[in-house]
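Chemist:
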Amino acid sequence: MPPYANIADEVHFPKWEDLPGYRPATDRHYCFLAEVKESDRFLRYRTVVTDGIDQGLVVAFYPSSYEGFDWKKLKKGHTLAIMDATQHYFLDRTQGVRVENLNHVYVFPASLQDLQRLNAEVNEFAPETDDGPWRCHGCHAVKPMDQISRCGECKVFGYCNKDCQAKGWKEKDHKKYCKVARDPNFMSLMKLDFSASEIGFAFKRT
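The working numbering applies: residue -18 is where the sequence shown begins, and numbers increase by one.
(1) The ligand ATP and L96: does the residue's C-beta get closer than 6 angstroms to at least one heavy atom of that ligand?
(2) From G58 to F106, what distance separates their C-alpha atoms?
(3) Tell me, please, which residues DSSP counts as bridged to C120.
(4) Keeping to the same chain, check which residues put their C-beta closer than 7 angstroms to that of Y3; ignore five residues upstream and five downstream.
(5) Taking the C-alpha atoms as reference points, what is the distance between M(-18) and D174?
(6) Can you pull the DSSP bridge partners for C12?
(7) Enumerate in chain order the residues of its own chain whose CB-to-CB distance from S92 is below 6 angstroms, with the five nearest sequence positions on each side excluded.
(8) Here's a check: name, in chain order, each residue in its chain whose Cβ is nearer than 6 angstroms to the Cβ of P90, leaving out the five neighbours to either side.
(9) Starting from the C-beta of L170, find all residues in its chain whose C-beta is less than 7 angstroms away, skip the five residues before and the five after it, and write them out in chain order.
(10) Which stretch, first to last residue, makes up the beta strand (DSSP E) that contains V29?
(11) Could you pull out every residue in the same chain whose Cβ sits closer than 8 angstroms to the Cβ of D144, ignoring the five residues on either side in sequence?
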């Protein structure tokens, strides 16, 4: 498997219509991504989301405890990541995902489209190993690690010099995406080997 996950891969990042009706008997993970369109907390936390195809999917939360999860992040335009989600049909005839384990859920402060763009740039510019060659996020030149300066915040992207960094910051919107790139849960998801058995994956509470 390549060093970083590819959100466009619908085997490992399936749309709702491709989610199973129950958790398969396998240790291999997959991740459902959906952008929040509406959110309310009347009686129970509930969001309406889109996975890019289905526009009116419901994600409802039924955890044993509501502690330890930042519910304020459930905002319109943010993206929910749900590990090993299954299809659920609710009694009110809506359909979506029922969440019981909050360790399997995380909210990224970016739209689904922005998350897809950031993922594509990680695959293009982030090195396969920290001590391997880096591709400059500004000019695209490939150089050894000792000739590249990493972004001081996310450490994911590297630059030849200040001019290249300014180009990446402005023209490639790194100013917008750096907050997500430096989130340890984002890179944990990017580095997860979906083709192999992984035991006990859980998002960190940040």
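All C-beta atoms, glycine included, are put in the ideal place defined by N, C-alpha and C.
Modeler: Working from what's here:
(1) For the structure depicted, the ligand ATP is absent and the ligand set is empty, with no information on it obtainable.
(2) Start at 1 with the first residue of the sequence shown, and residue 58 comes out as number 77. Start at 1 with the first residue of the sequence shown, and residue 106 comes out as number 125. Taking the straight line joining both Cα atoms gives about 26 angstroms.
(3) Residue 120 sits at position 139 when you count from the first residue of the sequence shown. Under the DSSP definition of a beta bridge, C120 lacks any partner.
(4) As a working note, residue 3 is residue 22 in the sequence shown. For Y3, where only same-chain residues beyond five positions count, the Cβ hits under 7 angstroms are T67.
(5) Translated into the one-based positions of the sequence shown, residue -18 becomes position 1. Translated into the one-based positions of the sequence shown, residue 174 becomes position 193. Because M(-18) carries a pLDDT of 48, less than 50, the predicted location of this residue cannot be relied on, and no value is offered for it.
(6) The residue given as residue 12 occupies position 31 in the sequence shown. In the DSSP output, where bridge partners are listed per residue, C12 has M64.
(7) Counting from one through the sequence shown, the residue named residue 92 turns up at place 111. Excluding sequence neighbours, S92 sits near E16 and G58.
(8) For the purposes of this step, residue 90 is taken as residue 109 along the sequence shown, with counting starting at 1. Answer for P90: H59, listed in chain order.
(9) To locate residue 170, count along the sequence shown from 1; it is residue 189. Taking C-beta separations shorter than 7 angstroms and ignoring five residues to either side along the sequence, the partners of L170 in its chain run A(-14), C12 and A62, following chain order.
(10) Taking the first residue of the sequence shown as 1, we reach residue 29 at position 48. Its beta strand (DSSP E) spans residues R27 to T31.
(11) As a working note, residue 144 is residue 163 in the sequence shown. Answer for D144: G119, listed in chain order.
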